[in-house]
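Only one structure is covered here, and it is reproduced in the block below.
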Amino acid sequence: MDARTVPTVTAMEVPNIKDFHWKTLAPLPSRRVYSSLVEAGGQVYAIGGCDDNGVPMDCFEVYSPEADQWTSLPPMPTARAGVAVIALGKRIMVIGGVGTNQLPLKIVEMYNIDEGKWKKRSVLREAAMGISVTTKDYRVYAAGGMGLDLRPHNHLQHYDMLKDMWVSLAPMPTPRYAATSFLRGSKIYVLGGRQSKYAVNAFEVFDIETRSWTKFPSIPCKRAFSSFVPMDGYLYSLGGLRQGRLYRQPKFMRTMDVFDMEQGGWMKIERSSFLKKRRADFVSGCLKGRVIVAGGLGNQPTVLETAEAFHPEKNKWESLPPMPTPRCACSSIVIKSCLLAVGGVNQGLSDAVEALCVSDS
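Each residue of the sequence shown is one higher than the one before, starting from 212 at the first, in my numbering.
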């Protein structure tokens, strides 16, 4: 690790704290947690999740930002929670997840937006929850997952839409589920995740062109329920829970680790650049050149309402207005310069939908 600061951006480019505000949007038709969100054609689709009793649901709804309205769509043929979801033009593909028997599923279903109909597609080679999906050129890549035997998978499969068929690619060096993955150029970056209950700090990259994996330097600090946010050639690893082992107490973290994608290394970050609040299981995203975190769980007995934004030039976090409905375990998505926090847990489950928006000042 070398000592450098996070890159400077001219102060004009990033929005001021005063430019951020929360909007309370139309609530979900029902309270839920572990719902999956995807954007298609400027609308947000919410897929499945668990109800108050922890039972997976078949609900499927679309949110129109213009009308501020949720509309119910034909329910998923298979009720489930924690699905992997990806939009392919006018189609939404739903992969794996947990079924009503609380076991992982191998079922894959596709919704055609124009026809308003669901279709079953070719199943996964093994049932799995916690799959990470990315897409490039209408090809879907599914990495990892946890199977029926509760063991983490090292599978990488791609789905060929024309042939309706899953093809196995080179296995991931580190088996895991609930990893974060994203596409940059022709490479799929896979970070973190878990094996059984424990966090892994593996960072591996699959090159779609050479069809091979490369191990990258591990995430410096191993923690669960953290967040990874890519922005402007850097990758931010934020907060989380350092898990208890033997004589060690679990501990909420305010750590920030930053990976420089050009240099290929983790940077030395001063403690003054860490999050203001220790937090895990929070909402995160990037809005106009600023990394955002909101809500989650921390050292206080109730869920957190605080939100903060990183200023790349000042190299520190600044307080944002608090979440109107404090929550953890939200589903989230960035759309139209807004970070949406959907559902999640307050005292019980929540149906709240709130957006942190940045105005053009």
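Where a beta carbon is used, it is the ideal one built from N, C-alpha and C, also for glycine.
Every unbroken beta strand (DSSP E) within the segment 341-425, with a cutoff of 3 residues, ordered by chain: Whole beta strand (DSSP E) segments, 3+ residues: 343-347, 350-354, 367-371, 376-379, 391-395, 398-402 and 414-418.
Where the beta strand (DSSP E) through P441 begins and ends: Annotation for P441: the continuous beta strand (DSSP E) segment containing it runs S438 to M442.
Whole-angstrom C-beta distance between H369 and A339, which should lie under 8 Å: A Cβ-Cβ distance of about 15 Å is found for the pair A339 and H369, leaving them out of contact under the 8 Å criterion.
Contacting residues, own chain, Cβ-Cβ under 6 Å from K330 (five flanking each side not counted): Result list for K330: M321, in chain order.
S429 in three-state terms, based on DSSP: Note: S429 maps to coil in three-state DSSP.
Element boundaries [beta strand (DSSP E), containing E209]: This structure gives no information on residue 209, because the portion of the chain shown stretches from 212 to 572.
S482 in three-state terms, based on DSSP: Rather than Ser, the amino acid found at residue 482 in this sequence is Arg. Here DSSP, grouped into helix, strand and coil, assigns R482 to helix.
C-beta contact flag for T311 and R332 at 9 Å: No, they are not a contact pair.
DSSP-derived helix/strand/coil call for V564: It is a strand residue.
Member of R395, T425, V416 and I430 whose CA lies at the smallest distance from the CA of A203: Here the chain has residues from 212 to 572 only, and residue 203 is not among them.
Beta strand (DSSP E) segment containing A257, residue limits: Where A257 is concerned, the enclosing beta strand (DSSP E) stretches over Q254 to I258.
Beta-carbon proximity list for A390, same chain, < 7 Å, skipping 5 on both sides: Result list for A390: S343, A354, G355, V401, L402, G403 and G404, in chain order.
Spatial neighbours of R422 in its chain, beta-carbon cut-off 7 Å, leaving aside the 5 residues before and after: By the criterion of a C-beta distance shorter than 7 Å, R422 is surrounded in its chain by L380 and A381, once the five residues flanking it on both sides are discounted.
Chain D contact for W424 (CB, 9 Å cutoff): The chain inventory of the structure shown lacks chain D, comprising one protein chain alone.
Length-filtered (4 minimum) alpha helix (DSSP H) runs lying within the segment 463-532: Runs of the alpha helix (DSSP H) inside the segment 463-532: none found.
Whole-angstrom distance between R501 and A203, CA atom to CA atom: Nothing about residue 203 can be reported from this structure: the residues present for the chain run from 212 to 572 only.
From Q474, Q558, K525 and I419, residue whose alpha carbon lies closest to that of N227: Checking every option, the nearest Cα to that of N227 belongs to K525.
Identity of the residue in F485, L486 and G396 nearest V444 by Cα: Correcting the residue identity first, residue 444 is Gly in this sequence and not Val. Ranked by Cα distance from G444, the options F485, L486 and G396 are led by G396.
Best match in S246, H232 and D360 for proximity to G554 [C-alpha to C-alpha]: Closest by C-alpha distance to G554, out of S246, H232 and D360, is S246.
Per-residue burial, P266 [other beta carbons within 10 Å of its own, 16 or more giving buried]: Looking at the sequence shown, residue 266 is not Pro but Val. The residue in question, V266, is exposed, as its Cβ has fewer than 16 Cβ neighbours within 10 Å.
Nearest-angstrom Cβ-Cβ length linking V319 and G308, presumed shorter than 8 Å: By a beta-carbon distance limit of 8 Å, V319 does not contact G308. Their separation comes to about 10 Å.
Which of helix, strand or coil DSSP assigns to I318: I318 falls in the coil class under three-state DSSP.
Cβ-Cβ separation, L299 to Y349 (assumed contact under 8 Å), whole Å: At roughly 6 Å, the Cβ-Cβ gap stays under 8 Å, so Y349 and L299 are in contact.
Residue from W528, V305, Q280 and S283 with nearest C-alpha to T289: Ranking W528, V305, Q280 and S283 by Cα distance to T289 puts V305 first.
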